[in-house]
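Going from the sequence shown to my numbering is simple: count from 1 and add 9.
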Amino acid sequence: MEDTSRVGDSRAYSDSTPLDAFRDLLRSTVRVDTLLQSVVEQVVAVVPGADMAGVTLPGDRAGEIETAACTDARVYTIDSDQFRAHEGPCVDAAHTRSTVRARETDIEGRWPRFAADSADIGVRSYLSAPISVDTNRTGSLNVYSWTDHGFSDTDELLVGVFAAAVESTVWNFRLAQAAQAELDGLREAMRSRAVIEQAKGIVMAIRGIGPDDAFDVLAMQSQNENVKLAEIARRAVESVVRD
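Quick look at the structure:
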């Protein structure tokens, strides 16, 4: 049943300004960490009953997860308790790739190890929505409240919208990074090829040999010195320039 106990909340979905600001941010070019921080701030501004919010994402090492953005330092404590216990709403949301809602009264039965660590924090309602960062790894957008309302169906839908926006942006950022790395590699390959061709010409002129033999000379030197062919070629070109 939909929770109607918060109809007087000043953030009861009537003010579109925070959402408009977030939409504009998505359309702009920003760093991912800037976007994540904006997301958690907008979630607290828009979702009734949300007192704190954070984003947890997989780390660089296998199985590692970390808090990437939050609105309150206490979120780090709550998240760390879940990471350490290997259970809790944000851990479940990431592992099951489904949204998790819980009240304080649910915690001990569902996540006893986390319950033991979190008893003194005072959070009474939890809402975590999954954020897929690639095909194998998932984080979550996590919302916390000091009130035992358990969050509503509408809250879940709204947080899901924010999570989907973050997911899309993170995917696009990773694709852009991969494309940039590939482009950088292509540029380097083109530069290396140009230098190698110059070096071949130098070897051909000095030794009076053809292009294939000149390449073999450079390749043999590369193998003997255990140095990349492009570096051998650069040395050859630089030696002529200095002379």
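For glycine and all other residues, C-beta sits at the position ideal for the given N, C-alpha and C. Here the structure is a predicted model, which means the values were calculated and not measured.
Exposure of residue i, with buried meaning 16 or more beta-carbon neighbours within 10 Å
i, result
"I241", "buried"
"Y153", "buried"
"E113", "buried"
"Q51", "buried"
"D164", "buried"
"R110", "buried"
"L166", "exposed"
"T38", "The predicted position of T38 is uncertain, since its pLDDT is 49 and thus under 50; a value taken from the coordinates is nonetheless stated next. Exposed is the call here."
"Q232", "exposed"
"M61", "buried"
"V212", "buried"
"K209", "buried"
"Y135", "buried"
"A198", "exposed"
"V170", "exposed"
"N181", "exposed"
"N151", "buried"
"D90", "buried"
"P121", "exposed"
"A223", "buried"
"I130", "exposed"
"S137", "buried"
"D143", "exposed"
"S161", "buried"
"S127", "buried"
"S149", "buried"
"D101", "buried"
"I215", "exposed"
DSSP bridge partner residues for residue i (one or two, in chain order)
i, result
"E75", "L66"
"L310", "No information on residue 310 is available, as it lies outside the stretch 10 to 252 that the chain covers here."
"S248", "Paired residues: none, contrary to the question."
"S201", "Looking at the DSSP assignment, S201 forms no beta bridge with any residue, so it has no partner."
"T258", "Residue coverage of the chain in this structure runs from 10 to 252, which leaves residue 258 outside it and unanswerable."
"M61", "Y153"
Simplified DSSP state of residue i, which is helix, strand or coil
i, result
"N235", "coil"
"T43", "helix"
"T38", "Confidence is the limiting factor: at T38 the pLDDT is only 49, short of 50, which leaves the residue's position unreliable, though a coordinate-based value still follows. Coil, per DSSP."
"V52", "helix"
"G118", "helix"
"I218", "coil"
"I130", "coil"
Segment limits, alpha helix (DSSP H) that includes residue i
i, result
"H104", "P98 to T105"
"D88", "A82 to A94"
"A124", "P121 to S127"
heavy atom of the ligand SAM below 7 Å from residue i C-beta
i, result
"A239", "This structure simply doesn't include the ligand SAM, nor any ligand for that matter."
Cβ of residue i within 8 Å of any chain D Cβ
i, result
"L44", "Absent from the structure is chain D; it holds one protein chain and no more."
- Going along the chain, which unbroken runs of the alpha helix (DSSP H) with 4 or more residues stay wholly within the region 153-181? Not a single unbroken stretch of the alpha helix (DSSP H) spanning 4 or more residues falls wholly within the region 153-181.
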